[in-house]
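Q: Structure below; questions to follow.
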Amino acid sequence: MRATEFFAPTLREMPAEAEVVSHQLLLRAGFIRRTAAGVYTHLPLAQRVLKKIKQIIREEMDRQGGQEILMPIIQPAELWQESGRWDVYGPELFRLKDRHERSFALGPTHEEIVTSLVRGEVNSYKQLPLMLYQIQNKYRDERRPRFGLMRGREFIMKDLYSFDRDEEGLHVSYMKMHEAYNRIFQRCGLIFRPVEADSGAIGGSDTHEFMVLADSGEASVLYCRDTKCDYASNVEKAAQAVREPGEKEDLKPIIEKETPGCRTVEEVTRFLGIPPQKIIKTLLYETEKEVVAALVRGDREINEIKLLNTLGCLRLELAGANTVLRVTGAPVGFAGPVGLKNCKIVADPEVVLIANAVTGANKNDSHLLNVNMQRDYHVQTVSDIRMVQAGEPCPRCGSPLLEAKGIEVGQIFKLGDKYSKVLGANYLDENGRSQPIIMGCYGIGVTRTMAAAIEQNHDNDGIIWPAAIAPFDAVIIPVSTKDEAQVNLAGEIYDSLSAAGFDVLLDDRPERAGVKFKDADLIGYPLRLTVGSRTAAEKKVEVRVRKTGEVTVTAFNDLEKRVRELLALI
RNA sequence: CGGGAUGUGGCGCAGUUUGGCUAGCGCGCUUGCCUUGGGAGCAAGAGGCCGGGGGUUCAAGUCCCUCCAUCCCGACCA
């Protein structure tokens with residue numbers, strides 16, 4: 273491809289609408305343009321990168337036995353009503369009507385479609401296992417699309433669905449996808465981690481998220497410092513390590529103490545001169561069924577996802593001031609478990625271990641000292657309901673946990689019979705018995721992976737593409753387009769590298785060298801091949817590695833070999 | 001959905017407070033000259049329903065009402 277014919281409109285200045293690096297650089301370097309909020313047009317550069325990512329994905333899906341199909345974006349409402357998600361999915365589902373007033377949705381995911389396909393075609397255990405996938409646009413009417421391609425309303429996703437006879441079969445399929453995902457992101461040149469994750473509303477099943485580590489990531493990941501231990505988890509899910517009971521302390525008599533205006537843990541610790549570890553923090557939550565008091569140590573934060581899973585409820589929110597007053601008899605800030613009635617109490621295991629604790633007295637401006645579980649109060653449930661923090665011991669090996677920010681680029685999920693049951697996707701086993709097909713689903717955000725690669729690989733000058741997904745392997749820059757020797761040599765290089773199978777861009781624009789260098793750095797070609805007066809006469813080429821800035825001079829005859837070597841290293 | 005901000009040539013912005021006559025600047029774009037190793041220089045040009053609608057006024061980019069769009073923070077997110 274020649275730059276004079278190539279559509280890659282770069283911008284000198286940073287567009288005002290972009291905040292995150294990947295968004296800024298994708299716009300500036302001429303990869304994308306915004307069409308509507310959260311909806312983008314992919315220009316040739318982006319399309320090239322996406323093609324390479326998709327190709328890697330296809331190869332790895334096929335290697336594990338996946339078969340590519342293409343399902344419709346437009347999905348009939350009936351199927352969604354059948355699965356129950358027409359009502360559950362909410363406003364995030366793009367809905368539309370045809371001229372006959374029939375309702376449709378733009379697919380945010382394809383469990384309904386694929387399950388309905390399989391239920392019609394698969395009847396026997398002999399047809400299982402089966403893995404079907406597609407790479408296609410997805411639609412989610414996000415409340416707030418943001419960060420460019422990181423969270424759009426239209427995005428490209430690979431989704432594979434596995435169909436097995438039983439849980440064992442599902443586990444095999446799941447591990448195949450786990451392996452495939454590791455290979456995919458590795459091949460894309462990304463630094464990532466598979467982490468344990470919360471399974472959300474579906475509950476109970478295994479799920480892993482694949483996180484590209486980058487400071488701009490929206491998710492927090494905890495992982496074991498010991499590289500031999502592979503524990504890594506989304507903070508939402510991270511379990512606290514089992515703790516030994518501390519030194520025994522004699523139980524002291526309970527005392528009520530006035531603590532005027534001390535509502536927060538910090539205020540109470542300062543007023544009473546005690547460490548926050550001695551405080552039981554009591555938070556009231558409302559679910560769709562009841563009011564619940566959640567107890568954690570004063571220096572800890574509640575993990576609402578864990579609490580929600582513990583309670584088995586659908587909705588959970590912090591109780592308002594009126595509810596707190598009604599249930600505890602005191603304003604917000606003085607709740608405690610002692611004497612608390614008409615309210616379920618859930619405690620974190622750490623709370624059990626606190627001897628002579630301080631809690632709210634359920635009375636304005638008062639706290640209780642020397643409170644002890646069993647003697648002074650009882651709880652219905654003891655369960656891990658708090659956030660784990662960096663530095664705490666790994667639940668598997670005890671080494672300290674480290675924290676990192678991650679961008680979720682993929683998730684693999686054991687669905688079980690959730691969709692097969694409601695949609696009636698069954699097969700006959702060897703005994704002629706009808707059984708629900710056991711399913712799994714496995715997604716990769718393709719456009720998000722492109723953005724994540726930039727978040728992880730850029731500098732002040734622009735993008736630094738990993739070679740495997742770069743739009744071109746190299747750019748060839750003749751310093752002066754008026755120097756015939758340079759132009760001819762650049763042309764020869766272009767022809768020979770193209771013939772050797774490389775993707776190369778010849779920057780034949782009649783621009784000054786500086787302009788072409790700046791654009792090359794911005795767009796992020798892994799290699800830059802400069803043909804200038806210094807070297808052209810000897811038929812030599814300067815090879816510059818974008819990532820390291822390293823420059824070497826190579827004879828034209830050795831260039832193909834040199835390029836191959838360098839690309840393999842990057 | 002709550003809070004905040006912004007809409008003026010392709011991009012980045014000034015002008016709006018205090019209404020005034022022909023709407024500016026930088027970059028980019030076109031043509032010519034010149035230049036060619038890190039976004040050169042000179043000259044001449046093209047390009048604007050000042051987000052839309054309604055209103056106030058002799059007069060609106062500027063004031064009022066309303067709608068829309070976009071971005072940021074939060075809440076939310078199989």
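The number in my numbering is simply the position in the first sequence, starting from 1, with 272 added.
Glycine residues also receive a C-beta, built at the ideal position from the N, C-alpha and C atoms.
1. Could you check where the beta strand (DSSP E) with Gly712 kicks off and where it finishes?
2. Please name the residue in Glu285, Asn409 and Asp436 whose C-alpha comes closest to that of Leu687.
3. Around the C-beta of Ala607, are 16 or more other C-beta atoms found within 10 angstroms, so that it is buried, or is it exposed?
4. Report the three-state DSSP secondary structure of Pro750 (helix, strand or coil).
5. From which residue to which residue does the alpha helix (DSSP H) around Ala593 run?
6. How is Gly302 classed by DSSP in three states: helix, strand or coil?
7. At the level of alpha carbons, what is the spacing between Val787 and Tyr453?
8. Helix or strand or just coil, what does DSSP make of Ile385?
9. Verify whether the separation of the beta carbon atoms of Tyr405 and Leu432 is less than 8 Å.
10. Pop quiz: Val803 and Gln758 are said to be a contact at Cβ under 8 Å. What is the actual Cβ separation, rounded to whole angstroms?
11. Taking DSSP's pairing of strands, which residues face Pro466 in a bridge?
12. Any chance you could list the beta strand (DSSP E) runs of at least 3 consecutive residues sitting entirely within the segment 508 to 556, in chain order?
13. Straight-line CA distance for Glu270 to Val311?
14. With a CB to CB cut of under 8 Å and the five nearest residues on each side skipped, what residues in its chain are close to Gln336?
15. Taking just the CA atoms, how far does Glu822 sit from Gly682?
16. Ignore the nearest five residues each way along the sequence and tell me which others in Lys561's own chain have a CB closer than 7 Å to its CB.
17. Less than 8 Å between the C-beta atoms of Glu680 and Ala662, yes or no?
18. Could you give the C-beta distance for Glu426 and Asn409, rounded to a whole number, given that I count them as a contact under 8 Å?
19. Nearest by alpha-carbon distance to Ala377: which of Asp502, Asn395, Pro344 and Lys398 is it?
20. If you check the beta carbons only, do Lys677 and Asp487 fall under 8 Å apart?
21. Can you say whether Val660 is buried or exposed, counting buried as having 16 or more other CB atoms within 10 angstroms of its CB?
22. For Leu841, tell me which candidate among Thr826, Arg818, Met273 and Asn703 has the shortest Cα-Cα distance.
23. With DSSP collapsed to three states, give me the class of Asn581.
24. I'd like to confirm the pairing. Which residues does DSSP put opposite Met403 in its beta bridges?
25. Whose CA, out of Pro466, Leu442, Leu368 and Ser375, lies closest to the CA of Leu400?
26. When the Cα atoms are used, what is the spatial distance from Val747 to Phe789?
27. Since Gly715 and Met429 should fall inside the 8 Å C-beta cutoff, what is the C-beta to C-beta distance between them, to a whole number of angstroms?
28. Which residues mark the beginning and the end of the alpha helix (DSSP H) in which Pro316 is found?
29. Does Ser355 pass the burial test, meaning 16 or more other C-beta atoms within 10 Å, or should it be called exposed?
30. Note down, in chain order, each residue of its chain lying with its Cβ closer than 6 Å to the Cβ of Leu544, except the 5 sequence neighbours on either side.
31. Please work out which residues of its chain come closer than 6 Å, Cβ to Cβ, to Leu283, disregarding the five sequence neighbours upstream and downstream, and give them in chain order.
32. With 16 other CB atoms within 10 Å as the buried threshold, where does Gly475 fall?
33. Using DSSP bridges, identify the partner residues of Val643.
34. State the CB to CB distance for the pair Ala809 and Arg800, rounded to an integer number of angstroms; the pair is presumed to be in contact (CB under 8 Å).
35. Can you confirm whether the segment 531 to 551 touches the segment 508 to 517 when touching is taken to mean that 3 or more C-beta pairs between the two stretches lie within less than 8 Å?
36. Ignore the nearest five residues each way along the sequence and tell me which others in Ile671's own chain have a CB closer than 8 Å to its CB.
A: Per the coordinate set shown:
1. Looking at the DSSP string, the run of the beta strand (DSSP E) that includes Gly712 is Ile710 to Gly717.
2. Among Glu285, Asn409 and Asp436, the Cα nearest to that of Leu687 belongs to Asp436.
3. Per the 10 Å Cβ criterion, buried.
4. Strand at Pro750.
5. Its alpha helix (DSSP H) spans residues Ala593 to Thr600.
6. In the three-state reduction of the DSSP assignment, Gly302 falls in the coil class, being assigned neither a helical nor a strand state.
7. So the alpha carbons of these two residues sit roughly 39 Å apart.
8. Here Ile385 sits in helix by DSSP.
9. Yes, the Cβ-Cβ distance between Tyr405 and Leu432 is below 8 Å.
10. Cβ atoms of Val803 and Gln758 come within 8 Å of each other, at about 5 Å.
11. Per DSSP, Phe482.
12. Complete beta strand (DSSP E) runs here, min 3: 527 to 530.
13. Any property of residue 270 remains undetermined from this structure, which presents the chain solely from 273 to 842.
14. If you ignore the 5 residues before and after Gln336, its C-beta comes within less than 8 Å of the C-beta of Met403, Lys448, Met449, Glu451 and Ala452, all in its own chain and listed in chain order.
15. So the alpha carbons of these two residues sit roughly 34 Å apart.
16. These residues qualify, in order along the chain: Cys585.
17. Between Glu680 and Ala662, the CB-CB gap reaches or exceeds 8 Å.
18. Contact annotation, Glu426 with Asn409: C-beta distance approximately 6 Å; criterion of less than 8 Å satisfied.
19. Nearest of Asp502, Asn395, Pro344 and Lys398 to Ala377, Cα basis: Pro344.
20. A distance below 8 Å separates the beta carbons of Lys677 and Asp487.
21. Buried, since its Cβ has 16 or more Cβ neighbours within 10 Å.
22. Minimum Cα distance to Leu841 is reached at Arg818.
23. In the three-state DSSP reduction, Asn581 falls in the helix class (H, G or I).
24. Met403 pairs with Ser434.
25. If we check each option's Cα against that of Leu400, Leu442 comes out closest.
26. Here the alpha carbon of Val747 sits roughly 10 Å from the alpha carbon of Phe789.
27. So it is a contact: roughly 6 Å between Cβ atoms.
28. It spans Pro316 to Arg335 - the alpha helix (DSSP H) in which Pro316 sits, taken as one unbroken run.
29. The residue is buried, with at least 16 neighbouring Cβ atoms inside 10 Å.
30. Within the same chain, Leu544 has no close Cβ partners at all.
31. In the same chain as Leu283, and ignoring 5 residues on each side of it, the C-beta atoms closer than 6 Å to its own belong to Arg300, in chain order.
32. For Gly475, the predicted model reports a pLDDT of 49, less than 50, meaning its position is unreliable and no value from the coordinates is stated.
33. Val643 is bridged to Ala629.
34. So it is not a contact: roughly 20 Å between Cβ atoms.
35. Not touching, per the Cβ criterion.
36. Per the sequence shown, the amino acid found at residue 671 is Ser instead of Ile. Apart from the 5 residues on each side of it in sequence, Ser671 sits with its Cβ closer than 8 Å to the Cβ of Cys496, Arg497, Asp498, Cys501 and Pro665 in its chain, given in chain order.
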